[in-house]
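Participant:
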Amino acid sequence: MKLDVLVAPAFLKEDDLTGCQCAVIDVLRATSTIITALVSGAAAVHPCLDIAEARRDVSGLGRERYLLGGEDMGQHIPGFDMGNSPLEYMVEDVVAGKDIYFYTSNGTGAIRRAHAGSGKPVYIAALLNLSAVSSAIVKAASTGSLDGIVILCAGRYGNPSAEDFFCAGLLVRKLISGLRESGIETQPGDSAIIAAGFATAREGQRIDVLASSDHGRFLRSIGFESDLEFASELDFYDAVPIFDGERVALLDRAS
Numbered sequence: 077m078k079l080d081v082l083v084a085p086a087f088l089k090e091d092d093l094t095g096c097q098c099a100v101i102d103v104l105r106a107t108s109t110i111i112t113a114l115v116s117g118a119a120a121v122h123p124c125l126d127i128a129e130a131r132r133d134v135s136g137l138g139r140e141r142y143l144l145g146g147e148d149m150g151q152h153i154p155g156f157d158m159g160n161s162p163l164e165y166m167v168e169d170v171v172a173g174k175d176i177y178f179y180t181s182n183g184t185g186a187i188r189r190a191h192a193g194s195g196k197p198v199y200i201a202a203l204l205n206l207s208a209v210s211s212a213i214v215k216a217a218s219t220g221s222l223d224g225i226v227i228l229c230a231g232r233y234g235n236p237s238a239e240d241f242f243c244a245g246l247l248v249r250k251l252i253s254g255l256r257e258s259g260i261e262t263q264p265g266d267s268a269i270i271a272a273g274f275a276t277a278r279e280g281q282r283i284d285v286l287a288s289s290d291h292g293r294f295l296r297s298i299g300f301e302s303d304l305e306f307a308s309e310l311d312f313y314d315a316v317p318i319f320d321g322e323r324v325a326l327l328d329r330a331s
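In the numbering used here, the protein residues as written are 77 to 331.
1) Taking the alpha-carbon of Ala186 as reference, which of Ala128, Val214, Ala216, Gly231 has the nearest alpha-carbon?
2) Count Cβ pairs between the region 121-133 and the region 308-326 that sit closer than 8 Å; are there 3 or more?
3) Determine the extent of the alpha helix (DSSP H) in which Gly150 is found, giving its start and end residues.
4) Kindly give me the distance between the Cβ atoms of Ile153 and Ile176, rounded to whole angstroms, as I take these residues to be in contact under 8 Å.
5) For Val198, does the three-state DSSP call read helix, strand or coil?
6) Just to confirm before moving on: does the CB-CB distance between Val81 and Ser207 stay below 8 Å?
7) By DSSP's criteria, His319 is part of a beta bridge. Which residues make up the other side?
8) Hey, Leu247 and Ile227: beta-carbon distance below 8 Å or not?
9) From Ala238 to Arg293, what does the alpha carbon distance come to, in whole angstroms?
10) With C-beta atoms as the reference, is Asp223 less than 8 Å away from Cys96?
11) What are the start and end residues of the beta strand (DSSP E) that includes Val226?
12) May I have the straight-line CA-CA distance separating Ala106 from Ala330, to the nearest angstrom?
13) Please go through the same chain and pick out, in chain order, the residues whose beta-carbon is closer than 7 Å to the beta-carbon of Ala244, but skip the five residues on each side of it.
14) In three-state terms, what does DSSP make of Phe300?
15) Excluding sequence positions up to five away, which residues of its chain have a Cβ less than 7 Å from the Cβ of Glu309?
16) Cα separation between Ser210 and Ala315?
17) How many Å lie between Arg296 and Gly220 at the Cα?
18) Given a cut-off of 8 Å on the beta-carbon distance, is the pair Ile260 and Ile200 in contact?
19) With a floor of 4 residues, list each alpha helix (DSSP H) that falls wholly inside the region 263-312, ordered by position along the chain.
20) One question on the structure: do Met166 and Thr112 come within less than 8 Å of each other, judged by their Cβ atoms?
21) Which first and last residues belong to the beta strand (DSSP E) in which Val100 is found?
22) Around the Cβ of Gly234, are there at least 16 other Cβ atoms within 10 angstroms (buried) or fewer (exposed)?
23) Which residues in the same chain have their Cβ closer than 6 Å to the Cβ of Arg189, if we skip the five residues on either side of it in sequence?
24) Going straight from the alpha carbon of Pro236 to that of Gly254, what length do you get?
25) Would you call the CB atoms of Ile213 and Ala99 closer than 8 Å?
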């Protein structure tokens with residue numbers, strides 16, 4: 077089975093995702109935040125392509141039903157209820173039962189593009205839920221209905237990001253191992269091989285990888301160093317969010 081990594085949506089070609097299962101990674105911070113919100117009891121997260129879409133989607137909804145969340149260029153969006161720090165979304169009293177309409181500079185667009193390109197549900201991945209996502213993808217691949225697996229990194233403003241590439245490499249390693257145990261041999265592409273090598277070299281340095289990246293340095297400069305520490309936690313959650321084209325919700329892994 078084909079297994080590859082795309083370092084940013086800008087590198088997507090028209091047929092890269094056709095017939096493939098896709099996972100999207102935006103460690104800093106969209107996918108880390110989405111996972112946290114859902115585990116904290118949010119009903120769903122709706123990834124929006126821009127701020128205007130988020131505002132348009134909530135028009136006419138009862139104010140008690142939703143929250144507007146996200147960031148623009150790393151900063152809080154005026155008029156939005158919440159930002160893009162995963163730590164904000166750990167407060168169950170705030171997010172429980174709410175639909176969160178969510179826009180970020182990189183992650184939400186990557187999620188939407190992944191679904192548009194593959195036509196399949198998209199897994200939401202981060203360091204926080206790496207093993208759970210790997211297990212879910214292996215289970216999906218075992219049905220025999222996939223042409224391949226593609227890990228799409230959100231990157232940063234069209235460019236690759238070290239933290240997403242690192243997380244992708246760890247996921248590649250887990251997928252190769254899990255698929256082999258299920259009797260499925262993989263054919264990793266060059267990007268997947270390089271990502272796995274990078275992850276192996278830096279495996280015990282997760283916080284350093286995040287903190288030394290371009291986006292990590294930026295977040296530290298605007299006061300979000302605690303987000304780096306949290307987002308670097310490996311397998312903090314045993315949960316798998318999945319985007320069906322309209323909303324992200326937790327996958328029912330019992331079925």
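Beta carbons: idealized from backbone N, C-alpha and C, even for Gly.
Facilitator: The answer reads as follows:
1) Position 110 of the sequence shown, counting from 1, holds the residue named residue 186. Measuring from the Cα of Ala186, the nearest candidate turns out to be Gly231.
2) yes
3) Within the sequence shown, the letter at position 74 stands for residue 150. No alpha helix (DSSP H) holds Gly150; DSSP gives it neither H nor E.
4) Taking the first residue of the sequence shown as 1, we reach residue 153 at position 77. Taking the first residue of the sequence shown as 1, we reach residue 176 at position 100. Not a contact, Cβ separation roughly 13 Å.
5) Walking along the sequence shown from the start, residue 198 turns up at place 122. The answer is strand: DSSP assigns Val198 an E or B state.
6) Here residue 81 refers to the residue found at position 5 of the sequence shown. Here residue 207 refers to the residue found at position 131 of the sequence shown. No.
7) Counted from its first residue, the sequence shown places residue 319 at position 243. Note that residue 319 is Phe in the sequence shown, not His. In the DSSP output, where bridge partners are listed per residue, Phe319 has Val198, Val324.
8) As a first step, residue 247 is located in the sequence shown; it is residue number 171 there, counting from the start. As a first step, residue 227 is located in the sequence shown; it is residue number 151 there, counting from the start. Yes, the Cβ-Cβ distance between Leu247 and Ile227 is below 8 Å.
9) Taking the first residue of the sequence shown as 1, we reach residue 238 at position 162. Taking the first residue of the sequence shown as 1, we reach residue 293 at position 217. Approximately 12 Å between the Cα atoms of the pair.
10) Walking along the sequence shown from the start, residue 223 turns up at place 147. Walking along the sequence shown from the start, residue 96 turns up at place 20. Yes, the Cβ-Cβ distance between Asp223 and Cys96 is below 8 Å.
11) For the purposes of this step, residue 226 is identified with residue 150 of the sequence shown, where counting begins at 1. 224-229 is the extent of the beta strand (DSSP E) around Val226.
12) Within the sequence shown, the letter at position 30 stands for residue 106. Within the sequence shown, the letter at position 254 stands for residue 330. Straight-line Cα distance between these residues: approximately 26 Å.
13) If you number the sequence shown from 1, residue 244 lands on position 168. The answer, listed in chain order, is Val81, Ile101, Ile227, Cys229, Ala271.
14) To locate residue 300, count along the sequence shown from 1; it is residue 224. Note: Phe300 maps to coil in three-state DSSP.
15) Residue mapping note: residue 309 aligns to position 233 of the sequence shown, counting from 1. Leu203, Leu204.
16) The residue labelled residue 210 in the question sits at position 134 within the sequence shown. The residue labelled residue 315 in the question sits at position 239 within the sequence shown. Looking at the two C-alpha atoms, the distance is approximately 11 Å.
17) Taking the first residue of the sequence shown as 1, we reach residue 296 at position 220. Taking the first residue of the sequence shown as 1, we reach residue 220 at position 144. Straight-line Cα distance between these residues: approximately 44 Å.
18) Within the sequence shown, the letter at position 184 stands for residue 260. Within the sequence shown, the letter at position 124 stands for residue 200. No, Cβ-Cβ distance for Ile260 and Ile200 is not below 8 Å.
19) 266-278, 282-288, 290-297, 301-307
20) Within the sequence shown, residue 166 is the residue found at index 90, counting from 1. Within the sequence shown, residue 112 is the residue found at index 36, counting from 1. Yes.
21) By 1-based counting over the sequence shown, the position of residue 100 is 24. From DSSP, the beta strand (DSSP E) with Val100 extends over 96-101.
22) On the sequence shown, residue 234 is found 158 positions in, with the first residue counted as 1. Gly234 comes out exposed.
23) For the purposes of this step, residue 189 is identified with residue 113 of the sequence shown, where counting begins at 1. Answer for Arg189: Pro85, listed in chain order.
24) By one-based count along the sequence shown, residue 236 stands at place 160. By one-based count along the sequence shown, residue 254 stands at place 178. In a straight line, the C-alpha of Pro236 is about 26 Å away from that of Gly254.
25) To locate residue 213, count along the sequence shown from 1; it is residue 137. To locate residue 99, count along the sequence shown from 1; it is residue 23. Yes, the pair counts as a contact, with Cβ atoms nearer than the cut-off.
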